[in-house]
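Be aware that the sequence shown starts at 3, since it is given in this note's numbering, and climbs by one per residue.
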Amino acid sequence: MIIKIKNLRLHTIIGVFDWEATIDREIIINAEITTNHLAALQSDELSDTINYEQIITKMKNTVANSRFKLVEKLAQTLM
């Protein structure tokens, strides 16, 4: 099963140049998460699958509390 997070809009400071450190930018995150959902199908319990809210909260906290020079590094950190 693939779980998709679409158009999660967050604000951060990102960039290589000094002037970029003063600009708050909106970033848009789209993610696809592959999961084994068989246990959740049997149990119907959240503990047997991925909690979307926890994933989104972790993404928000990572973006809010970190500074990156490269978008690539931010994307890797969110994985």
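The beta carbon of each residue, even a glycine, is placed where N, CA and C say it ideally should be.
Per DSSP, cross-strand counterpart(s) of residue 27 = Taking the sequence shown and counting its residues from 1, one reaches residue 27 at position 25. For residue 27, which the question treats as bridged, DSSP gives the partners 14.
One or two residues paired with residue 34 in a DSSP bridge | Numbered from 1 along the sequence shown, position 32 holds the residue referred to as residue 34. 6.
Between the C-alpha atoms of residue 19 and residue 39, what's the straight-line distance to the nearest angstrom?
-> Working through the sequence shown from its first residue, we reach residue 19 at position 17. Working through the sequence shown from its first residue, we reach residue 39 at position 37. Rounded to the nearest angstrom, the two C-alpha atoms are 43 Å apart.
How many Å lie between residue 67 and residue 46 at the Cα?
-> As a first step, residue 67 is located in the sequence shown; it is residue number 65 there, counting from the start. As a first step, residue 46 is located in the sequence shown; it is residue number 44 there, counting from the start. Roughly 34 Å separates the two Cα atoms.
Beta-carbon gap between residue 31 and residue 9 smaller than 9 Å | Locating residue 31 in the sequence shown gives position 29, where the first residue counts as 1. Locating residue 9 in the sequence shown gives position 7, where the first residue counts as 1. Yes. Within cutoff.
How many whole angstroms separate the CB atoms of residue 7 and residue 76, which I take to be in contact at a CB cut-off of 8 Å?
-> Against the sequence shown, residue 7 aligns to sequence position 5. Against the sequence shown, residue 76 aligns to sequence position 74. Between residue 76 and residue 7 the Cβ distance is about 15 Å, and since that is not below 8 Å, they are no contact.
Where the alpha helix (DSSP H) containing residue 53 begins and where it ends | Here residue 53 refers to the residue found at position 51 of the sequence shown. Run containing residue 53: none; DSSP gives neither H nor E here.
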